[in-house]
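S.K.: I have a structure here, written as structure tokens, and I will follow up with some questions on it.
2 protein chains.
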Amino acid sequence: MFASDALSSTAYASEEILRTLIPVVGLLAFSFVLPITLAMAGVLLILMFSYRQTIKAYPSAGGAYIVTKDNLGLLPAQVAGVALLTDYILTVAVSVSAGVAALYSAFGALRDYRVPIALAFIVIIAWGNLRGVRESGRMFAVPTYAFLISMFAMIGVGIYSAATGGLHHAAVPADHIKLGVGGSVGIFLLLHAFASGGAAMTGVEAISNGVPAFKKPEWKNARSTLMVMGACLGVMFIGISWLAMTMHVVPSDKKTVIAQIATGVFGSGTVGHVLFYVVQATTMLILVLAANTSFADFPRLASFHADDHFMPKQLTKRGHRLVFSNGIVLLSVAAAGLVILFQADVTHLIPLYAIGVFTSFTLSQAGMSVRHLRLREQGWRVGLAINGTGALVTGVVTVVIAITKFKGGAWAIMVLVPVLVFLLVRLNRQYESEKDQLTEGALEATSLPVLRRHTVLVLLDRLDRSAARAVQYARTLRPDELRAVHIAADPELADELLEEWGTLPLSKFPLEIVACPDRRIARAALEVVAEEVADGRTEVTVLLPRREYQEFWHRFLHDRTSDSIARALGVLPHANVTFVPYHLKSSHDLTRVLVPAPDAD
Amino acid sequence: MFASDALSSTAYASEEILRTLIPVVGLLAFSFVLPITLAMAGVLLILMFSYRQTIKAYPSAGGAYIVTKDNLGLLPAQVAGVALLTDYILTVAVSVSAGVAALYSAFGALRDYRVPIALAFIVIIAWGNLRGVRESGRMFAVPTYAFLISMFAMIGVGIYSAATGGLHHAAVPADHIKLGVGGSVGIFLLLHAFASGGAAMTGVEAISNGVPAFKKPEWKNARSTLMVMGACLGVMFIGISWLAMTMHVVPSDKKTVIAQIATGVFGSGTVGHVLFYVVQATTMLILVLAANTSFADFPRLASFHADDHFMPKQLTKRGHRLVFSNGIVLLSVAAAGLVILFQADVTHLIPLYAIGVFTSFTLSQAGMSVRHLRLREQGWRVGLAINGTGALVTGVVTVVIAITKFKGGAWAIMVLVPVLVFLLVRLNRQYESEKDQLTEGALEATSLPVLRRHTVLVLLDRLDRSAARAVQYARTLRPDELRAVHIAADPELADELLEEWGTLPLSKFPLEIVACPDRRIARAALEVVAEEVADGRTEVTVLLPRREYQEFWHRFLHDRTSDSIARALGVLPHANVTFVPYHLKSSHDLTRVLVPAPDAD
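The structure is reproduced here in structure tokens:
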């Protein structure tokens with residue numbers, strides 16, 4: 003389950019390295035793709051050993067946010083968290099786009115519909131996550147193993163064919179690249195290609211987030227899984243790059259590099275065709291699963307931020323199916339926005355990608371190093387050496403990515419992350435200030451004496467049973483003063499009401515008419531109540547009769563002036579708004595009333 | 003002001019007659035356009051005299067709805083009203099579309115943008131009406147006179163040129179029509195062409211709606227205006243049809259018939275060009291004004307329906323600028339829908355048009371006839387003869403329109419109107435049933451004794467100053483029983499709360515914890531309160547602490563569970579929900595608090 007994100011990136015990492023090189027140096031690119039892949043595999047190795055340390059140290063949850071917060075403090079944790087959150091969004095956008103690319107590599111006609119298909123994937127994944135579909139291990143295991151098998155089969159057959167001389171160069175379309183033009187191979191270009199391959203590293207941190215999900219002893223099993231996954235990832239990444247090099251596969255807009263390799267390796271026979279479709283199908287599936295992983299990670303990480311009062315509280319709220327619904331919605335909207343903005347094009351998304359995850363790698367490893375220095379547990383020197391190297395290497399890679407991809411789009415992330423961190427800190431200050439205000443002296447405040455006077459104010463729009471209910475309830479409250487007020491937008495109606503009121507046996511309780519020629523009823527109500535609470539010693543209860551309709555559509559036949567009055571009165575302290583319900587029976591269904599109508603006595 | 007609607011229809015009536023005839027009979031059409039126009043002018047004459055009667059009988063407001071309701075009853079009035087309402091919507095769609103046609107006849111490049119331009123017109127008119135722009139007489143008078151002058155000038159110059167032999171046939175584009183093919187001229191075709199010209203009659207009823215707006219003696223001035231307007235309309239309609247006939251103007255998609263006539267009559271000199279643009283500009287203006295007239299008529303008529311409880315009450319609600327905002331919005335949305343559906347094409351809209359207005363003419367004239375028979379006032383025999391003839395003729399025209407335009411789209415109106423009337427009657431029954439329930443015994447109910455018990459239930463989510471406020475207020479109410487309840491979605495939080503509560507000096511007032519493992523807090527609250535009111539003799543006041551934030555955006559940082567609780571409790575009788583406000587101060591602006599914070603004493 004944790005592997006899909008990391009493994010899936012092999013579906014586009016080699017291709018992105020080639021896409022960086024080929025336009026500049028032509029066929030010379032094929033000589034560099036393998037060394038660059040090996041360099042990246044080296045980074046992967048360092049990361050794997052670094053994360054072995056993290057898993058042991060944080061057996062419950064060792065995500066970058068927790069590790070950084072624990073060792074470097076809240077502010078660096080915000081940076082690590084936000085960087086990772088942006089990367090989760092990009093994971094969804096990139097994985098879904100690459101999944102759609104796998105699809106249209108098999109069915110070319112679908113290419114024109116890539117944006118709607120990608121959006122449909124996002125909607126389906128989001129829906130599944132909102133429903134809280136329990137991710138059974140099998141649901142993840144089957145596609146993951148299928149992908150591994152099909153990839154290893156492809157690489158294996160490729161090696162065999164190459165050894166027996168059966169593997170030919172792909173037909174390089176002459177109009178696609180300037181063959182042999184070969185510009186100069188600068189160090190910047192190589193670093194840029196290396197940075198493009200960095201996308202393959204995302205997902206490595208996934209296991210450290212979810213150690214408790216493993217069988218006992220958790221941290222040991224998690225470590226083994228990490229090593230196996232890392233090995234698979236490394237082998238596949240190297241294998242695919244080697245095949246791309248050997249076959250001279252040129253990235254095209256119509257067919258992914260993997261698809262071209264599959265075609266070349268499996269040949270054009272019936273069996274070859276079937277295997278080609280299997281590769282495309284498993285690739286698509288693993289990519290969609292990878293996107294799904296972000297739907298678990300993003301909301302959880304966002305809830306960590308929110309728990310620490312750095313993000314809106316709503317993100318901590320679990321729906322009754324226990325998923326963080328708001329985080330899921332936020333992620334879907336952001337990823338969908340990226341898919342639309344970049345037209346589901348992996349190559350255009352890649353420059354924004356990876357910088358976030360490497361930033362969080364760096365902070366997390368630096369945090370681990372600080373931890374070793376602080377705790378000095380057994381073997382801390384080895385640990386420090388490993389995590390220190392990890393922090394250094396990932397830090398260098400982060401800088402390389404930032405510089406080489408800057409123009410291509412990384413600048414956007416480099417602007418966005420600090421801005422978001424600033425906003426989060428601002429938000430945190432607001433929450434803390436609110437909390438201070440709300441908790442300061444709260445316990446003593448519960449025993450504050452009641453206010454000197456209690457006035458009940460019944461706001462009437464007409465004289466019907468709902469108004470009668472409000473009057474009855476008003477008397478229940480036994481206030482010091484009872485007022486009935488009608489805000490008169492229509493003077494004629496007010497006169498009628500006054501006349502009707504005169505016939506009632508409520509002489510000590512006269513109806514006041516407040517003229518409201520401008521029809522701003524809520525404003526007029528606010529003025530009446532403001533006057534009443536002005537002395538600061540009066541508690542006012544404003545009663546709003548409310549007709550409750552049994553059927554949904556009946557509600558829409560009536561305006562909701564009482565709601566706007568309640569909203570307007572919200573600005574006044576000690577103005578307590580009460581809705582007094584009166585239930586209209588449905589003409590054809592009386593059984594819906596949950597509780598029998600009360601008798602007065 | 004009242005004339006724009008009626009006069010403006012000359013901008014497209016002749017063209018629509020030709021469009022019906024030419025595809026079937028080719029050039030022969032030009033022999034029939036004038037006779038058909040004259041027949042329609044005859045109908046106009048009858049209508050004018052009929053409405054003279056109405057204006058005298060209903061000097062305050064004599065629209066079809068009022069006249070029909072007064073004489074034939076509420077149900078026929080619904081038919082007349084709904085028919086007229088659909089026609090008002092069509093008036094907006096047709097007028098705006100024809101206005102845009104006048105625009106792109108002058109500036110051909112705008113044709114591709116006719117739908118957005120038409121929608122922009124609707125938005126601007128709706129916005130002006132929502133703002134309640136006071137329609138000064140001059141605002142209407144200037145474009146109306148300008149239109150009259152330019153039309154009469156065009157017709158005058160046309161007659162002069164024809165007399166002096168200077169008026170030539172327009173170059174008939176050979177590919178546009180099968181010249182001389184001339185199918186047989188059936189009676190159905192002629193009636194169909196006649197029906198297409200019927201659109202010119204809409205707006206004739208406008209004056210009878212607004213008699214009180216005239217100078218004293220209102221009904222006399224209204225009558226004179228009606229006759230002058232009718233005469234102008236008749237002369238212009240006949241004049242334009244005559245010119246179209248004389249010049250053999252073939253309707254085209256690029257240039258309206260009026261635009262072609264203007265080009266032909268004024269020639270291609272500089273003066274001719276200027277005059278052509280003047281004609282197009284005044285035509286466009288009068289059409290937009292005609293659409294504007296519907297924005298006064300539709301909301302008023304809808305409010306009549308709503309006043310009689312046949313349409314949602316919201317339609318009677320005037321904004322504080324005294325306009326029926328909801329009616330305006332409804333009309334705009336419906337007209338915009340039609341413009342989009344029919345791509346701002348007048349010819350496709352025309353089959354739906356006119357059937358509504360003729361239905362209401364018929365009912366209104368029939369109503370007048372009944373009135374004469376009933377009241378038998380002086381001269382009732384003449385009146386009966388006039389209105390009877392009016393009813394008969396408009397009835398026949400209605401049938402002709404219904405039959406000849408049935409396939410073209412009139413069927414939609416013939417389905418829609420009865421369905422709408424059925425829904426309106428259904429709605430009316432609902433309103434009446436509600437009214438009965440609400441008013442029956444309402445006066446007596448005001449003196450019902452209060453219920454035996456009053457329980458106050460404070461729903462707490464945490465223990466802060468807002469909760470303390472709620473407790474303070476709860477004690478103000480001096481209830482028979484006071485309960486503090488916490489719905490516990492999180493058991494840990496509940497334990498903390500319970501512990502804090504234990505430290506409070508409120509020993510006689512224990513905190514109850516209601517477990518809510520499924521996190522459906524509103525549902526759990528409903529169950530607690532339902533139990534409390536179940537005996538039917540208890541009045542429950544549910545207090546919901548509500549933190550009121552000073553700044554708009556602070557509000558979005560918190561969820562609104564209390565709102566969903568209040569909504570859920572709406573189903574329970576005698577469950578009165580009170581929001582107890584606690585005001586958080588803004589960190590940088592304390593002056594916004596309207597009323598000073600109260601001191602407790």
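If you're matching them up, the sequences are chains H and Z in order.
Residue 3 is where the first sequence starts when you use the working numbering, and the numbers rise one by one after that.
Residue 3 is where the second sequence starts when you use the working numbering, and the numbers rise one by one after that.
Glycine included, C-beta positions come from ideal geometry on N, C-alpha and C.
(1) Along chain H, in chain order, which residues have C-beta atoms closer than 7 Å to that of Y475/Z?
(2) Does DSSP put F581/H in a helix, a strand or coil?
(3) Can you tell which of A476/H, W129/H and D347/H has the C-alpha that lies nearest to the C-alpha of D255/H?
(4) Give the single residue among L459/H, A208/H and L440/H whose Cα lies nearest to the Cα of D299/H.
(5) Does any CB atom of chain H fall closer than 8 Å to the CB of E550/Z?
(6) Identify the contact partners of L452/Z in chain H, using a Cβ-Cβ distance below 7 Å as the criterion.
(7) For the stretch 191-244 of chain H, which segments carrying the alpha helix (DSSP H) assignment without a break, of at least 4 residues, lie completely within its bounds, in sequence order?
(8) Quick one, which of R549/Z, A568/Z, I567/Z and V35/Z has its alpha-carbon nearest V582/Z's?
(9) Pick helix, strand or coil for H657/H, following the three-state DSSP scheme.
(10) I'd like the list of long-range same chain contacts for Q367/H, defined as Cβ closer than 7 Å, with 5 residues on each side in sequence excluded.
(11) Quick one: Cα of H585/H to Cα of F326/Z, how far?
(12) Can you give the Cα-Cα distance for H488/H and F360/Z, rounded to whole angstroms?
(13) Ordered along the chain, which non-local residues of its own chain (more than five positions away) have a Cβ less than 6 Å from that of P547/H?
(14) Can you tell me where the alpha helix (DSSP H) with L20/Z in it begins and where it stops?
(15) Suppose you measure from the CA of M286/Z to the CA of Q262/Z; what does that come to, to the nearest Å?
(16) Would you mind listing the alpha helix (DSSP H) stretches within the stretch 490-555 of chain Z that are 4+ residues and don't spill past its ends, in chain order?
(17) Counting only beta-carbon atoms, is P507/Z nearer than 8 Å to chain H?
(18) Got a sec: is the Cβ-Cβ distance from F581/Z to anything in chain H below 8 Å?
(19) Check distances from the C-beta atoms of the stretch 432-446 of chain Z to those of chain H and list, in chain order, the residues that come in under 9 Å.
(20) Which two residues bound the contiguous alpha helix (DSSP H) that contains L425/Z?
(21) With a CB to CB cut of under 7 Å and the five nearest residues on each side skipped, what residues in its chain are close to G430/Z?
(22) Taking only the alpha-carbon atoms, compute the straight-line gap between G44/Z and G271/Z and give it to the nearest angstrom.
(23) If I measure Cβ to Cβ from L513/H and keep anything under 8 Å in the same chain, skipping five residues before and after, which residues do I get?
(24) List the residues of chain Z whose Cβ lies closer than 9 Å to the Cβ of A304/H, in chain order.
(25) Counting only runs of 4+ residues fully inside the stretch 85-171 of chain Z, write out the alpha helix (DSSP H) ranges in chain order.
(26) Taking CB distances under 8 Å as the criterion, tell me whether T457/Z reaches chain H.
(27) Within 10 angstroms of its Cβ, does D603/H collect 16 or more other Cβ (buried), or is it exposed?
(28) Consult DSSP for T2/H and reduce its assignment to one of helix, strand or coil.
(29) Per the DSSP calculation, E379/Z is bridged to which residue(s)?
(30) On the criterion of 16 or more Cβ atoms from any shown chain inside 10 Å, does G184/H qualify as buried, or is it exposed?
(31) Can you give me the start and stop residues for the alpha helix (DSSP H) that S11/H sits inside?
(32) Excluding the 5 residues preceding and the 5 following T146/Z in the sequence, name in chain order all residues of the same chain whose CB lies nearer than 6 Å to its CB.
(33) By how many angstroms is the C-alpha of Y355/H removed from the C-alpha of V399/H?
(34) Taking buried to mean at least 16 other C-beta atoms within 10 Å of its own C-beta, is V27/Z buried or exposed?
(35) What is the rounded straight-line gap between the Cα of V417/H and the Cα of P519/Z?
(36) Roughly how many angstroms separate the alpha carbons of G160/Z and H560/H, rounded to a whole number?
M.R.: Put simply:
(1) E541 and N578
(2) strand
(3) D347/H
(4) A208/H
(5) yes
(6) The question names Leu, but residue 452/Z in the sequence shown is Val. Chain H residues near V452/Z: Q474, R477 and T478.
(7) 208-211
(8) R549/Z
(9) With chain H running from 3 to 603 in the structure shown, residue 657/H is simply not present.
(10) S52, N389, G392, A393 and T396
(11) 29 Å
(12) 44 Å
(13) S468, A469, A472 and V582
(14) A15 to V27
(15) 15 Å
(16) 493-504 and 523-535
(17) yes
(18) yes
(19) Q432, Y433, S435, E436, K437, Q439, L440, T441, E442, G443, A444, L445 and E446
(20) W413 to T441
(21) First, the residue type needs correcting, since residue 430/Z is Asn and not Gly in the sequence shown. Cβ neighbours of N430/Z beyond the five flanking positions: H311 and F312.
(22) 38 Å
(23) L462, A486, V487, H488, L499, L500 and W503
(24) Per Cβ cutoff of 9 Å: no residues; A304/H is ~14 Å from chain Z at best.
(25) 116-133 and 139-165
(26) no
(27) With a pLDDT of only 38 at D603/H, under 50, the local geometry of the prediction cannot be trusted, and no value is derived from it.
(28) The first residue shown for chain H is 3 and the last is 603, placing residue 2/H beyond what the model contains.
(29) Partner(s): none; E379/Z has no beta bridge.
(30) With a pLDDT of only 49 at G184/H, under the threshold of 50, the placement of this residue in the model should not be trusted, and no figure is reported.
(31) Segment: none, S11/H is in no alpha helix (DSSP H) and carries neither H nor E.
(32) A5 and S6
(33) 13 Å
(34) buried
(35) 42 Å
(36) 57 Å
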